[in-house]
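First comes the structure, then the notes that go with it.
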Amino acid sequence: MNLLRYNFFFDINQFKNDNVPRQKCFVPYDPFEELSNEKFIKIYRLKKERVANIIDIVRQNQPIHTHRSALDIPRQVLTALAFFATGSYQTDISLSKYSLMKLFNFPGIGCIDCTHIAIYPPPLLHAEYPEHVFVNRKGYHSLNVQLICDADFKIVNVNAKFPGSTHDSFIWNNSNIEPLMRQIHNNYNGKYMLLGDSGYPLRPWLMTPFIDPPSQSPQEAFNTAFCKARSMIERVNGILKMRFRCLLKHRILHYSPPTAAKIINTCVVLHNMAIIDGVDDAEADQVWLDNNAFGIIDEPATNLNQPLGRVDPDLAAGRLLQQQIVSQTIILQSVCSAACVINDNVFNIIVE
Numbered sequence: 113m114n115l116l117r118y119n120f121f122f123d124i125n126q127f128k129n130d131n132v133p134r135q136k137c138f139v140p141y142d143p144f145e146e147l148s149n150e151k152f153i154k155i156y157r158l159k160k161e162r163v164a165n166i167i168d169i170v171r172q173n174q175p176i177h178t179h180r181s182a183l184d185i186p187r188q189v190l191t192a193l194a195f196f197a198t199g200s201y202q203t204d205i206s207l208s209k210y211s212l213m214k215l216f217n218f219p220g221i222g223c224i225d226c227t228h229i230a231i232y233p234p235p236l237l238h239a240e241y242p243e244h245v246f247v248n249r250k251g252y253h254s255l256n257v258q259l260i261c262d263a264d265f266k267i268v269n270v271n272a273k274f275p276g277s278t279h280d281s282f283i284w285n286n287s288n289i290e291p292l293m294r295q296i297h298n299n300y301n302g303k304y305m306l307l308g309d310s311g312y313p314l315r316p317w318l319m320t321p322f323i324d325p326p327s328q329s330p331q332e333a334f335n336t337a338f339c340k341a342r343s344m345i346e347r348v349n350g351i352l353k354m355r356f357r358c359l360l361k362h363r364i365l366h367y368s369p370p371t372a373a374k375i376i377n378t379c380v381v382l383h384n385m386a387i388i389d390g391v392d393d394a395e396a397d398q399v400w401l402d403n404n405a406f407g408i409i410d411e412p413a414t415n416l417n418q419p420l421g422r423v424d425p426d427l428a429a430g431r432l433l434q435q436q437i438v439s440q441t442i443i444l445q446s447v448c449s450a451a452c453v454i455n456d457n458v459f460n461i462i463v464e
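For the sequence shown, our numbering begins at 113 and goes up steadily by one.
As structure tokens, then:
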């Protein structure tokens, strides 16, 4: 499913930042010739062929500004990529490898979560985006960005329109993906769903964990498997921000919210290009940061018990599907246990 159709063509010259002193960025005269493939990926996070393709696309869509910038289009693109990768106009990057996580046997088509990208405080009384709505629950200014990833670590949906004070569930309920997932669920007999945390509303097309399940219960086992599967979106969020460090909390995007959103969307597109091209994951194994650095803020649960007779029908259907998955897991475990007994007592089969 190609849920992400984002046109990332924009005027690179708009990254003129009046909030910080200007720094000169050193870009080799011809990095395609002077840099090895390894060094090139270390600086720009993408292969040379992909960057050349981006330059061609931008050249076709970028108006020529003879009076606004001394940089030609290739160097503008390279400067932007270097900034996305480091959050700075200076290059100070180290490269390491990051092993891929095994896939988990859990129903679903993708994982959803929101992540906070720190931004410079907007004007206090701005008509469209006043400063106070961007202050998140951790007390800093941010955009609350919805991400959906697939099993290949690609980001198939990004929504960077909402300020940091917005709840994850509000973003979901006001996104284009919510009705699309409802439609997919109905068209394919409920076979597909997203996996979200307890901050999202439980629906048949958006599965969430049980709230405080009893210890050693089937529901707790469900939550364990669920969290392992859903951890993929946290891994993707980490890879994205380590690959393009301008998105890390301590770097802070010194731009207006609309421009910051464009930077975020662009980094997502470039991340997918890197995945498609097989570029090694960024250096997240040796330089691993906590949830706070990655902008992950746990939201209050939204699926707490409702009085009988007043339960939302979609929530009721979601709970029913939750229980069905638990029941299927119990049946599967029983069959496996029985097979082991038969194996031990009768057939003496070697199971690898």
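Glycine included, each C-beta is placed from N, C-alpha and C at the ideal position.
| said: Would T336 pass as an interface residue toward chain B - the criterion being a Cβ-Cβ separation below 9 Å? | reply: Reference to chain B is not applicable here, since this structure consists of a single protein chain.
| request: Give a yes or no on whether the C-beta atoms belonging to A197 and R363 are separated by under 9 Å. | output: The residue labelled residue 197 in the question sits at position 85 within the sequence shown. The residue labelled residue 363 in the question sits at position 251 within the sequence shown. Result no, Cβ atoms of A197 and R363 do not sit closer than 9 Å.
| task | Reducing DSSP to helix, strand and coil, say where W317 ends up. | result | What you label residue 317 is simply residue 205 of the sequence shown in a count that begins at 1. Residue state, collapsed to three classes: coil.
| field | T278 - partner residues in DSSP beta bridges | value | Here the question's residue 278 lines up with position 166 in the sequence shown. DSSP output for T278 lists no bridge partner at all.
| field | Residue interval of the beta strand (DSSP E) (run including T228) | value | Locating residue 228 in the sequence shown gives position 116, counting from the first residue. One detail in the question is off: residue 228 reads as His in this sequence, not Thr. From DSSP, the beta strand (DSSP E) with H228 extends over G222 to A230.
| task | Please go through the same chain and pick out, in chain order, the residues whose beta-carbon is closer than 7 Å to the beta-carbon of K160, but skip the five residues on each side of it. | result | In the sequence shown, residue 160 corresponds to position 48, counting from 1. Taken in chain order, the residues that qualify are F144, N149 and F152.
| field | Delimiting residues of the beta strand (DSSP E) encompassing N256 | value | Along the sequence shown, one-based indexing puts residue 256 at 144. That run of the beta strand (DSSP E) goes S254 to C261.
| said: Rounded to the nearest angstrom, what separates Q295 and A428 at their Cα positions? | reply: The residue you call residue 295 lines up with position 183 of the sequence shown. The residue you call residue 428 lines up with position 316 of the sequence shown. Cα to Cα, Q295 sits roughly 18 Å from A428.
| request: Only counting runs of 4 or more residues, tell me where the alpha helix (DSSP H) segments fall wholly within the stretch 304-381, in order along the chain. | output: 330-355
| message | Let me make sure I understand the geometry here. Which of F265, C261, D280 and Q188 has the alpha-carbon closest to that of I167? | response | Numbered from 1 along the sequence shown, position 55 holds the residue referred to as residue 167. The candidate whose alpha carbon is nearest that of I167 is Q188.
| task | List the endpoints of the continuous alpha helix (DSSP H) containing V248. | result | By 1-based counting over the sequence shown, the position of residue 248 is 136. First, the residue type needs correcting, since residue 248 is Asn and not Val in the sequence shown. N248 -> no alpha helix (DSSP H), and no H or E assigned at all.
| query | Is E161 helix, strand or coil when you go by DSSP? | reply | What you label residue 161 is simply residue 49 of the sequence shown in a count that begins at 1. Helix at E161.
| Buried or exposed: where does T378 fall if 16 or more other Cβ atoms within 10 Å of its Cβ makes it buried? | The count along the sequence shown starts at 1 and reaches residue 378 at position 266. When all chains shown are included, T378 counts as buried.
| said: If you reduce the DSSP assignment to three classes, tell me which class A272 lands in. | reply: As a working mapping, residue 272 is identified with position 160 in the sequence shown. Residue state, collapsed to three classes: strand.
| query | Would K266 be called buried (16 or more neighbouring beta carbons within 10 Å of its own) or exposed? | reply | Reading the sequence shown from its first residue, position 154 is the one you call residue 266. Flag for K266 reads buried.
| On the three-pair Cβ rule with 8 Å, is the stretch 270-285 touching the stretch 233-250? | yes
| query | Rounded C-beta distance between L359 and I376? I'm assuming under 8 Å. | reply | Along the sequence shown, one-based indexing puts residue 359 at 247. Along the sequence shown, one-based indexing puts residue 376 at 264. Yes, they are in contact, since the Cβ atoms of L359 and I376 sit about 7 Å apart, within 8 Å.
| field | Whole-number beta carbon distance between K361 and A230, since they are thought to touch under 8 Å | value | By one-based count along the sequence shown, residue 230 stands at place 118. By one-based count along the sequence shown, residue 361 stands at place 249. Rounded, the Cβ-Cβ distance is 5 Å, consistent with contact.
| message | Which residues does DSSP list as the beta-bridge partners of I267? | response | Here residue 267 corresponds to residue number 155 of the sequence shown, with the count starting at 1. DSSP output for I267 lists C261 as bridge partner(s).
| task | Using only the heavy atoms of the ligand GDP, determine whether one of them is closer than 8 Å to the beta carbon of S281. | result | In terms of ligand content, the structure shown is empty, and the ligand GDP therefore cannot be addressed.
| Distance, Cα to Cα, D324 vs A263? | One-based indexing of the sequence shown puts residue 324 at position 212. One-based indexing of the sequence shown puts residue 263 at position 151. Going by the C-alpha atoms only, they are around 27 Å apart.
| query | Between Q445 and the rest of its own chain, which residues show a CB-CB distance below 6 Å, the 5 nearest in sequence each way excluded? | reply | Mapped onto the sequence shown, residue 445 falls at position 333. Any reading at Q445 needs caution, since the residue's pLDDT is 48, under 50, leaving its predicted position unreliable; the model's value is listed next. Result list for Q445: empty, nothing under 6 Å.
| query | Nearest to F334 by CA position, among P186, R431 and H228, is which residue? | reply | Along the sequence shown, read from residue 1 onward, the residue named residue 334 stands at position 222. Minimum Cα distance to F334 is reached at R431.
| query | Would you call Q258 buried or exposed, if buried means 16 or more other Cβ atoms sit within 10 Å of its Cβ? | reply | Numbered from 1 along the sequence shown, position 146 holds the residue referred to as residue 258. The residue in question, Q258, is buried, as its Cβ has 16 or more Cβ neighbours within 10 Å.
| With burial defined as no fewer than 16 other Cβ atoms inside 10 Å of the residue's Cβ, what is the status of D389: buried or exposed? | Here residue 389 refers to the residue found at position 277 of the sequence shown. Answer is exposed; the Cβ neighbour count stays below 16.
| query | What three-state label does DSSP hand E146 in the structure shown? | reply | To locate residue 146, count along the sequence shown from 1; it is residue 34. In this structure, E146 counts as helix in the three-state DSSP scheme.
| Other residues of its chain near V348: CB distance less than 6 Å, five sequence neighbours each side excluded | Counting from 1 along the sequence shown, the entry for residue 348 is found at position 236. Closer than 6 Å at Cβ, skipping near neighbours: C261 and F265.
| field | Distance, V438 Cα to G302 Cα | value | As a working mapping, residue 302 is identified with position 190 in the sequence shown. As a working mapping, residue 438 is identified with position 326 in the sequence shown. So the alpha carbons of these two residues sit roughly 16 Å apart.
| message | Just to confirm, is the Cβ distance from G251 to D280 under 9 Å? | response | Position 139 of the sequence shown, counting from 1, holds the residue named residue 251. Position 168 of the sequence shown, counting from 1, holds the residue named residue 280. In this structure, D280 does not lie closer than 9 Å to G251 by Cβ.
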